[in-house]
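In the UniProt record's numbering, the protein residues as written are 1 to 427. Even glycine gets a Cβ: it sits at the ideal position worked out from N, Cα and C. First comes the structure, then the notes that go with it.
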């Protein structure tokens, strides 16, 4: 019988509701997996086994509290939690105990979910790596900055995890770790209580091992129906978009896209080559400008009062941001607004875009967290994005493909992601 930790989150919920599984039993299975693998994977920043089991017992002894009743959820250590430390990946906040929960943490608890613990993040969600390893190959990175969340889900330690994306911190680690990562339309999920990195880019997202699971949790957090369901009578119209950054793609990503295209066409879907408007070539630089300008303001206190505790990598980024004049920042924002206005034309004859999730397989851990190049422009545009796993590179490591939908087209994007996921993974 499949251990509960390797069931889908939806299966776990069903088993708890029917009495075939208790929340405590599921939590014990998760904790046993953590005990076996955490010394190698290092996905968790904070985990209190006794507390987690007590929370599970409380759920078992009470009536159903909501749609997540009794289910463990991992939370990236960038979200405030009133009963657990929130370190933000920095020694500056090693003993920080917030007075309240972040909005999404409060919502998942209200829905009956259990915050199992806090997962490792990179330093303030930027590029200085944490200690987490890729569960498929411990010598490789799981990506950043939601490294612990992606790795914990991929390794069967927890069925769901929360992450964030400012450049590529959901889609890239999901690709490297071989799980589903969903970055919603910007603003769909409340960011209150999240330590800001760049306020006009920061987006809350979800990791799980299949598409319906990410839709279920994101639906609870956003107050919307995001259960994927694509009508059998409407085969998807997909636009293959190599993006202006295609030169960064390795042979592994090129092969993954070719396989995804063949899979879509074999299932009856349409695939058309899509070239983005020329103005979109400016988006990569615009995203970087906006991110560093906002970062040096979001982290002004840390830079001014605790600069000696910041990594050299982060200090260099903040120094660069402090040198960006407001007029350049405003021009970058204007570029983004103009391209968002053109998005309607991009999606005029297609339902979603198909693009790379990452340059290729996860690089060596010592080389850093990998390049977010294939996510930056979509984060800036605020579009819904889903990493669809199921393909591998030359070394047998996961290589995902990314589906991108129009702004506010989250349900359709998730539905087509489920359609493709089921075909790539033998469903």
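#### Entry: Where residue 270 falls: helix, strand or coil (DSSP)
Residue 270 carries a strand assignment under DSSP once its states are collapsed to helix, strand and coil.
### Message
Less than 8 Å between the beta carbons of residue 273 and residue 235, yes or no?
### Response
no
### Task
Along the alpha helix (DSSP H) that carries residue 413, what are the first and last residues, could you check?
410 to 424
### Task
Could you spell out where the alpha helix (DSSP H) holding residue 219 opens and where it closes?
211 to 222
### Query
Taking C-alpha atoms, which residue in 47, 43 and 218 lies nearest to residue 155?
43
### Query
What are the complete alpha helix (DSSP H) segments, minimum 4 residues, inside the region 43 to 130?
49 to 60 and 103 to 110
### Query
If we count the other Cβ atoms within 10 Å of its Cβ and call it buried at 16 or more, is residue 405 buried or exposed?
By the beta-carbon neighbour count (other beta carbons within 10 angstroms, threshold 16), residue 405 is buried.
#### Entry: Run of the alpha helix (DSSP H) containing residue 177, from where it starts to where it stops
Unbroken alpha helix (DSSP H) run through residue 177: 171 to 177.
### Task
Helix, strand or coil for residue 303, going by three-state DSSP, please let me know.
helix
### Message
Quick check: the Cα distance between residue 418 and residue 245, rounded to an integer number of angstroms?
### Response
26 Å
### Query
If you draw a straight line from the C-alpha of residue 434 to the C-alpha of residue 76, how long is it?
Past the boundaries of the shown model lies residue 434; the chain is included only from 1 to 427, so the question cannot be answered.
### Task
Hey, could you find the ends of the alpha helix (DSSP H) residue 13 is sitting in?
Segment 9 to 18, the alpha helix (DSSP H) holding residue 13.
### Task
Starting from the C-beta of residue 265, find all residues in its chain whose C-beta is less than 8 Å away, skip the five residues before and the five after it, and write them out in chain order.
271
### Task
Can you tell me which of the three DSSP states residue 241 falls into?
When secondary structure is reduced to three states using DSSP, residue 241 falls in the coil class, being assigned neither helix nor strand.
#### Entry: Cβ shell of residue 1 (< 8 Å), same chain only, five flanking positions each side left out
Residue confidence is low: residue 1 scores 38 on pLDDT, short of 50, so the model does not pin down where it sits. No coordinate-derived value is stated.
### Query
Rounded to whole angstroms, how far is the Cβ of residue 162 from the Cβ of residue 73, which I believe are closer than 8 Å?
Contact annotation, residue 162 with residue 73: C-beta distance approximately 7 Å; criterion of less than 8 Å satisfied.
### C-alpha gap between residue 69 and residue 334, whole angstroms
44 Å
### Task
Enumerate in chain order the residues of its own chain whose CB-to-CB distance from residue 117 is below 8 Å, with the five nearest sequence positions on each side excluded.
44, 45, 46, 47, 48, 52, 74, 75 and 84
### Query
If you draw a straight line from the C-alpha of residue 463 to the C-alpha of residue 206, how long is it?
This structure does not reach residue 463, given that the chain is present from 1 up to 427, and the question cannot be answered.
### Query
What are the start and end residues of the beta strand (DSSP E) that includes residue 182?
180 to 183
### Query
Which whole runs of the alpha helix (DSSP H) in the region 275 to 333 are 4 residues long or more, in chain order?
The region 275 to 333 contains these whole alpha helix (DSSP H) runs: 283 to 298, 300 to 305 and 312 to 322.
### Query
Short check: CB of residue 141 to CB of residue 394, under 8 Å?
no
### Query
Is the region 290 to 310 close to the region 189 to 209, with three or more CB pairs under 8 Å?
yes
### Task
Mind checking which residues open and close the alpha helix (DSSP H) that includes residue 22?
Careful: residue 22 lies outside any alpha helix (DSSP H) and carries neither H nor E.
### Beta-ladder partner(s) of residue 163, from DSSP
Paired residues: 205.
### Task
Rounded to whole angstroms, what's the CA-CA distance from residue 228 to residue 139? Just pull it up for me.
35 Å
### Task
Kindly confirm or deny that the region 366 to 382 and the region 279 to 291 touch, where touching means at least three C-beta pairs closer than 8 Å.
yes
### Query
Which residue's Cα is closest to the Cα of residue 242: 232, 230, 257 and 324?
257
#### Entry: Buried/exposed call for residue 115, threshold 16 Cβ in 10 Å
buried
#### Entry: Reduced DSSP secondary structure (H/G/I, E/B, other) of residue 381
helix
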